[in-house]
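Residue 182 in our numbering sits at position 150 of the first sequence, with consecutive numbering throughout.
Built from N, CA and C at the ideal position, the CB exists for glycine as well.
To start, the structure itself, in structure tokens.
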Amino acid sequence: MLRLYDTIHGEVRDLATRDAGRLSMYVCGPTVDNLPHLGHGRFTLVWDVARRWFTFRGLDVHFVSNITDIDDKIIARAQREGTTESVVATTYEDQWWAAMAAIGVARPDDVPHATQYVPEMVMLIESFLAEDIAYVISDGVYFDTSRVSDYGLLAGQALDSLRAGARIEANEEKRSPLDFTLWKFAKPGEPRWEAPFGEGRPGWHTECVVMSLGLLGDGFDLHCGGLDLKFPHHENERAQAVAAQRPFAQHWGHNGWVMVGDEKMSKSLGNFTSLTDLLEGTDARAYRLLVIRSHYRSPIEVSPTTIADAERALARLDTLARRFDLPALAGQEMLTQSDFDFTGPSALLAQRVGALLDEDLNTPLAVAELFDAVSRANTLADQGEVEEARDIAMAVTVLFAALGLSVFSAVHDSDDEVRELARARDEARRAGEWGEADRLRDEISARGWVVEDSAEGTRIRRG
RNA sequence: GGCGGCGUGGCCGAGCGGUUAGGCAGGGGCCUGCAAAGCCCCGUACUUGGGUUCGAAUCCCAACGCCGCCUCCA
């Protein structure tokens, strides 16, 4: 049984599914008003890993993640840049998918866009107005939070306590500072949709309820997002579902933050905060390894140091793949356990790693287990137990691939020139001309390559 | 003010009552013509002060420090 921490209950619980063998999962996606940042990278990686693991374990996962393509920030950017909202949204959505592809996050099964669901949202808001659960004031339509008796469930605080902590609200017309926008009336020049209660655009919280329920249906299984979305976003989504008398997500998952060292976060300091920047010049797999090396609910430190650390750890894995000539796995397509045959020494490994991941996705312990297995495989190979070693090494790459981390030989195509130098060096070595051999090695490394001598022959790899 | 989290060896990061986490970096060794890769060994860490316990990094209390949410945020 798969188990996962649930925010509402505050404990790890069985991830029971509404439909046997199927898991419906909604992850709040980005607002496309800017380049994706490291935090976006983390949440997408965390839930991509979860999705992949659930799939690996045999569940038929229906994974939905939205794109918020209309929002104040998008409007602001469009005005600032003298362009339209849809140009801004399209531009940054393209950047988003490019970054997702780069970090190996699989495409969701459905990608609802907020602007495609406006009529449904209008209907929902109308029904709230009809029952006085929502009310109209000068700048828009608001949701009356007092109408939901258990409001504050996700926040872990009662309505009164939340209200007491609310900051000074500029809008005096609201019944309560906690009441949130369902619909914003359009100001001159702003994009607008028709609605009986006035032209405007939907509020963010309304988008996600409508899209998640619309695509996954009542009482879907799992709703995920960053910890910061817990309140008010998820609280407000839930409040609307409750008010609409529709069973909502049965299980809530929230991932931890990305810490970027101190407050100094600038490209000039090499302290990149944009995912796009990070991906320039680093192996994207390093970020995934960094993410799975810690628990998804813990904060992680992302800095040039921790990324470089992960890159070196990755090299150790790639070296293993090179040693056994293992094929690269993972990518857009997801793996299923039933496609693999874990027998012999790898059976125990797969079983242990599986048990760890089944229990609230304990990726750090799973990774530790896998690194142990790397040592074991190398040791066995050193001792000549090649078959057994290969079996374990293979299982290591499969299990990493199950989490979306592709381990591969990284034998980049060296050019003819480098290959010729290597051949010349081999000849020199055969002739015992060590001075010449070393000189040739220097030439090879000056071109950015590393030569390795082994029983199986000379290998050239990227340094 | 309310709610919540965190402080682990040089760095990252698990563990959450008794066992070597793991990775990276560092030191020593084996292997190698020399390297690279790999393997072995090493550092003996848990903010502080009390307490509970046969036994605490792990539970309780307090203090200090850091962070998050209560406003848009992954």
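Same chain only: Cβ atoms within 8 Å of residue i, ignoring 5 sequence neighbours per side
i	result
Gly53	Gly90, Leu91, Asp92
Glu113	Val120
One or two residues paired with residue i in a DSSP bridge
i	result
Leu529	There is simply no residue 529 to check, as the chain begins at 33 and stops at 495 in what is shown.
Leu36	Arg45
His69	Ser306
Lys497	With the chain running from 33 to 495 in the structure shown, residue 497 is simply not present.
Ile332	Val290
Asp485	Thr490
Tyr167	Tyr174
Trp225	Gly232
His145	Ile99
Thr63	Thr100
Nonlocal neighbours in the same chain, by C-beta distance under 6 Å from residue i, ignoring five residues either side
i	result
His145	Ile99, Asp101
Asn268	Phe212, His237
Gly136	Gly436
Gly184	Ala190, Leu191, Leu194
Trp289	Pro331
Arg270	Phe280
Ser56	His94, Leu248, Phe252, Asp253
Buried/exposed call for residue i, threshold 16 Cβ in 10 Å
i	result
Glu239	buried
Leu472	buried
Ser244	buried
Lys216	buried
Pro234	buried
Thr87	buried
Met155	exposed
Met33	exposed
Gln272	buried
Arg84	buried
Glu204	exposed
Glu452	exposed
Asp164	exposed
Arg344	exposed
Asp392	buried
Gly172	buried
Gly258	buried
Ala340	exposed
Lys299	Bear in mind that the predicted position of Lys299 carries a pLDDT of just 41, short of 50, making it too unreliable to give a figure here.
Asp176	buried
Ala162	exposed
Gly73	buried
Pro220	exposed
Gly23	What is shown of the chain runs 33 to 495, which leaves residue 23 out entirely.
Glu295	Because Glu295 sits at a pLDDT of 37, beneath the cut-off of 50, its placement in the model cannot be relied upon, and the following sentence gives the value as read from the coordinates. Its Cβ having fewer than 16 others within 10 Å, Glu295 is exposed.
Leu36	buried
Thr63	buried
Start-to-end residues for the beta strand (DSSP E) that takes in residue i
i	result
Pro234	232–234
Phe95	92–97
Extent of the continuous alpha helix (DSSP H) run through residue i
i	result
Thr498	The question about residue 498 has no answer here: the residues shown for the chain are numbered 33 through 495.
Ser159	150–162
Arg451	448–462
Ala196	191–197
Pro377	377–390
Tyr319	316–324
Asn268	267–275
Met426	418–434
Glu401	395–414
Ser477	466–478
The ligand COA heavy atom lying under 8 Å from the CB of residue i
i	result
Gln369	Ligands in the displayed structure: none, and consequently the ligand COA is not present.
Same chain only: Cβ atoms within 7 Å of residue i, ignoring 5 sequence neighbours per side
i	result
Asp65	Asp103, Lys105, Ile106, Arg109, Val120, Tyr124
Ser446	Trp481, Ile492
Leu346	Asp315, Arg317, Ala318, Leu321
Ala413	Arg355, Ala421
Asp423	Gly376, Pro377, Ser378
Pro396	Arg325, Ser326, His327
Segment contact flag, the region 177–192 with the region 229–242, C-beta cutoff 8 Å, min 3 pairs: no
At least three beta-carbon pairs within less than 8 Å, the region 39–47 to the region 101–116: Fewer than three pairs of CB atoms, one per stretch, sit closer than 8 Å, so the region 39–47 makes no contact with the region 101–116.
contact_flag[the region 317–334, the region 402–421] where n(CB pairs < 8 Å) is 3 or more: no
Touching by the beta-carbon criterion (3+ pairs, under 8 Å), the region 262–282 and the region 244–254: yes
The region 359–378 contacting the region 431–440, beta-carbon criterion three pairs below 8 Å: yes
Inter-stretch contact at 8 Å, needing at least 3 Cβ pairs: the region 459–475 / the region 341–360: no
At least three beta-carbon pairs within less than 8 Å, the region 306–316 to the region 125–136: yes
Contact between the region 377–384 and the region 423–430 (3+ Cβ pairs under 8 Å): yes
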